[in-house]
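Going by the numbering used here, the sequence shown opens with residue 57, and the numbers climb by one from there.
Note that the Cβ used here is the ideal one computed from N, Cα and C, for glycine as well.
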Amino acid sequence: QRTRTELIPFLTDTIYDEDEVLLALAEQLGNFTPLVGGPEYVHCLLPPLESLATVEETVVRDKAVESLRNISQQHSPGDLEQHFVPLVKRLASGDWFTSRTSACGLFSVCYPRVGSTVRVELRNHFRNLCQDDTPMVRRAAASKLGEFAKIVELDCIKSDLIPMWANLA
């Protein structure tokens, strides 16, 4: 409980500027589930990982996304929709390209476990990333399009993902 109430808020508020520290933090937070009280409280790890997913250093962002992908599997479907999906949406609509590139790697881990309404929203956000003004964001979306296509319904591949791919080509 102290991890949830003291350490995680401290880490969220005190994100350091040293890339090595940030990288280690992004990696270790992905293994913190037992330390915050198990899967029931895994959502407590989202705020610091969300912050790390927006930093300038690519290697730190990638490690934060990897940790987010790992802990997404520990969320119940309800917690996924209540806590994880809003994080994905915030990253996908962030002002800085860094958050939007990080978002690209998170769609495929939550999409299969959410309801149909949320799936529509996620596909719309992914489409926006594929059409982003910033080339780095479009490249990140393109690199995750195949992974996303593997878990999207067949009719949505035809209606949504193929046009996204055509736009990127």
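Proximity test, Cβ basis, 8 Å: residue i and chain B
i: Thr-157; result: As a matter of chain content, chain B is missing from the structure shown, which is built from one protein chain.
Among the options, the one whose alpha carbon lies nearest that of residue i
i: Ala-148; options: Glu-76, Arg-58 and Ala-197; result: Ala-197
i: Thr-173; options: Gly-93, Gln-130, Ser-215 and Glu-137; result: Glu-137
i: Leu-143; options: Pro-104, Phe-153 and Gln-130; result: Pro-104
i: Tyr-97; options: His-139, Thr-190, Glu-106 and Leu-81; result: His-139
i: Val-111; options: Pro-90, Glu-203, Glu-74 and Thr-190; result: Glu-74
i: Asp-227; options: Trp-152, Met-192, Leu-102 and Asp-151; result: The shown model of the chain, from 57 to 225, leaves out residue 227, and the question about it has no answer.
i: Val-208; options: Phe-66, Ser-164, Val-141 and Val-77; result: Ser-164
i: Trp-152; options: Thr-190, Leu-201, Gly-202 and Pro-219; result: Thr-190
i: Pro-90; options: Arg-156, His-131 and Arg-195; result: His-131
i: Ser-107; options: Arg-58, Arg-194, Pro-65 and Lys-200; result: Pro-65
i: Ser-199; options: Lys-214, Phe-182 and Leu-210; result: Phe-182
Inter-residue spacing [alpha-carbon to alpha-carbon] between residue i and residue j
i: Thr-114; j: Trp-221; result: 24 Å
i: Gly-188; j: Ala-80; result: Checking the sequence, you will find Asp at residue 188 rather than Gly. For Asp-188 and Ala-80, the distance between alpha carbons rounds to 30 Å.
i: Asp-216; j: Pro-95; result: 33 Å
i: Ala-205; j: Cys-160; result: 13 Å
i: Val-77; j: Ser-128; result: 23 Å
Residue i CB to nearest heavy atom of the ligand FAD below 7 Å
i: Glu-74; result: For the ligand FAD, the structure offers nothing, since it holds no ligand at all.
Same chain only: Cβ atoms within 7 Å of residue i, ignoring 5 sequence neighbours per side
i: Thr-154; result: Thr-110, Val-111, Glu-112 and Arg-117
i: Asn-223; result: Cys-186 and Gln-187
i: Ser-123; result: Ala-82, Glu-83, Leu-85, Gly-86 and Leu-105
i: Cys-212; result: Arg-179
i: Pro-168; result: Ile-207
Contacts around residue i, its chain only, beta-carbon distance under 6 Å, and the 5 residues preceding and following it disregarded
i: Ser-158; result: Ala-109, Arg-117, Val-121 and Leu-147
i: Phe-88; result: Leu-101
Collapsed DSSP secondary structure at residue i in the structure displayed
i: Asp-189; result: coil
i: Gln-138; result: helix
i: Gly-202; result: helix
i: Ser-132; result: coil
i: Asn-87; result: coil
i: Ile-213; result: helix
i: Leu-81; result: helix
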